[in-house]
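The numbering of the sequence shown is our numbering, which starts it at 742 and goes up by one.
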Amino acid sequence: MEANMNEFLEALEARTPGEAEFHQAVQEVVETVWDAYLANPKYQENKILEKMCEPERTIMFRVPWINDQGEVEINRGYRVEFNSAIGPYKGGLRFHPTVTLSVLKFLGFEQTFKNSLTTLPMGGGKGGSDFNAKGRSDNEIMRFCQSFMTELCKHIGPNTDVPAGDIGVGGREIGYLFGQYKRIRNEFTGVLTGKGLEFGGSLVRPEATGFGTSYFANHVLAAHNDTIKGKRVAISGFGNVAWGAVTKLTELGAKVVTISGPDGYILDEEGFNQEKIDYMLELRATNNDVVAPYAEKFGAKFFAGKKPWEAKVDMAFPSAIQNELNLEDAKQLVANGCKYIIETSNMGCTAEAVTYAVENCVFAPGKAANAGGVAVSGLEMSQNSMRYNWTAEEVDEKLGRIMKDIHDTCVKHGRGADGRINYVKGANVGGFIKVADAMVAQGHV
Ligand code: GLU
């Protein structure tokens, strides 16, 4: 009997009540891979989609720590080990007050397809905590990371599960997490990526997500006989990903005019230069989560409480957090002449925004466009295994090649009879087939 897609989705929702973000991520994938799923009887026989939607393992734990006032604080820690069909679980840790099981399940699910697209042998996982770093001292962050790792270290390893950074987890946090892992396990291994260069990190890892999305955008433009030179660009966020994207897009000749934070967005008609790019790092390091000081320092405009999608631009790169760009935003962008939305945050656009954008402009989904970060994490794992380091040029060249391969995969599986490329379909089908075939080969595990 042929499976029915709506029944499949209804059953999933009934089995996972209240997990709205997870349902959103699954629905987008299932709708686009359904034909490929039905086309191979082995997938149905093996209930591949059902298996893919159930994490192999979910770990939830208490994270107690002592703040600077000597009080006990309790957070919740998680690691969702989603799929290990093509490699060890791989994916970031997010420390942010919006973290819930549903958020991490959507991220782990997406990561499985994203990692498959990179062509590297990495499964999918994600973890984190509802810890809020805003206003916390460095010592508090260290104590939190140590407590978090004291539990997590029982479940991860260089051949089992290799976490990295995500929102709220950067080089500093990875350093503290690595130190605690090494101390407890008495092992110096590549158990985390995004490490400092002195202890096994890879060159170009901090820049990789932003560079990767820029390279991907370049291929998207080329496929539409267009060029990045002179394009006006809106970017949201001001963290690591936004920083890398501003750097590379500016270098490629685009004019980035916005960045944003929880306090609002800045509009800088002059575009970015090195001084402004460096200042983004300073802003981030303050732990205050605001961009307004940029406007004061460089004489740009600041729009309190607003999103950058109201600016008149040719391209938009949502680079902050899930569902940051909704249907109204997408309509406003297109009405203002925006031709390309390159989703750089994970699930940065709502389902309605994606549907609208796919039909009314060119839309690249996060799991393809932002895969450069985890791709260079994969290269960091390779370097750790070899106990050897590649040069920045070597890593950047490999990153460029991977982003081109991902674009080729999207075109291969996403080009319709009318010649248009549906990047959502292309990325989902391309990522799905490799994982599905590996799962079939490995039997009912
Ligand atoms: N958090 C990043 C992502 O969403 C990177 C994960 C990693 O490097 O493992 O892909």
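Don't be surprised by glycine CBs; every beta carbon is placed ideally from N, CA and C.
| field | Cα-Cα separation, G866 to E822 | value | 5 Å
| Roughly how many angstroms separate the alpha carbons of S888 and N966, rounded to a whole number? | 52 Å
| field | Helix, strand or coil at N900 [DSSP, three-state] | value | coil
| request: Can you give me the Cβ contacts of F1044 inside the same chain, cut-off strictly under 6 Å, excluding the 5 residues immediately before and after it? | output: Counting only Cβ-Cβ distances below 6 Å, and skipping sequence neighbours, we find G1005 and Y1006.
| query | Since V1032 is in the beta strand (DSSP E), which residue starts that stretch and which ends it? | reply | It is not in any beta strand (DSSP E) - V1032 carries neither H nor E in the DSSP assignment.
| Short check: CB of V710 to CB of V774, under 8 Å? | Examination of residue 710 is not possible in this model, given that the chain is present from 742 through 1186 alone.
| task | Alpha carbon to alpha carbon, how far is A1168 from E1121? Give it in angstroms, no decimals. | result | 24 Å
| query | Along the chain, where does the alpha helix (DSSP H) that runs through T773 open and close? | reply | A761 to A780
| task | Confirm, please, whether the CB-CB distance from S1123 to S1086 is below 8 Å. | result | no
| message | Please classify S1014 as buried or exposed, where buried requires at least 16 neighbouring CB atoms within 10 angstroms. | response | Contrary to the premise, residue 1014 reads as Asn rather than Ser in this sequence. Exposed, since its Cβ has fewer than 16 Cβ neighbours within 10 Å.
| said: Output needed for Q768: all residues of its chain with C-beta closer than 8 Å, excluding positions within five of it in sequence on either side, in chain order. | reply: L750 and A1092
| query | What separation, rounded to the nearest whole angstrom, lies between the Cα atoms of G1157 and F1173? | reply | 18 Å
| field | Beta-bridge partners of E822, as assigned by DSSP | value | Per DSSP, R798 and G866.
| message | Would you call the segment 1028 to 1046 in contact with the segment 891 to 906, where contact means no fewer than 3 C-beta pairs closer than 8 Å? | response | no
| message | Under 8 Å, with one C-beta from each stretch per pair, do the segment 842 to 849 and the segment 879 to 888 reach the 3-pair mark? | response | Not touching, per the Cβ criterion.
| field | the segment 820 to 839 / the segment 796 to 805 touching (three or more Cβ pairs under 8 Å) | value | Yes, they touch.
| field | Within the segment 981 to 1032, ranges of the beta strand (DSSP E) (whole runs, at least 3 residues) | value | 996 to 1002 and 1005 to 1008
| Does the distance from the C-beta atom of G864 to that of Y917 stay below 8 Å? | no
| Would the C-beta of A905 count as close to the ligand GLU, meaning under 7 Å from any of its heavy atoms? | Because some heavy atom of the ligand GLU lies under 7 Å away, the Cβ of A905 counts as near it: yes.
| said: Is N1111 near the ligand GLU - that is, is its Cβ less than 7 Å away from at least one heavy atom of it? | reply: At least one heavy atom of the ligand GLU is nearer than 7 Å to the Cβ of N1111, so yes.
| task | Can you give me the start and stop residues for the beta strand (DSSP E) that Y922 sits inside? | result | No beta strand (DSSP E) contains Y922, which is instead part of the alpha helix (DSSP H) from G912 to R926.
| field | CA-to-CA distance, I908 to S843, given in whole angstroms | value | 16 Å
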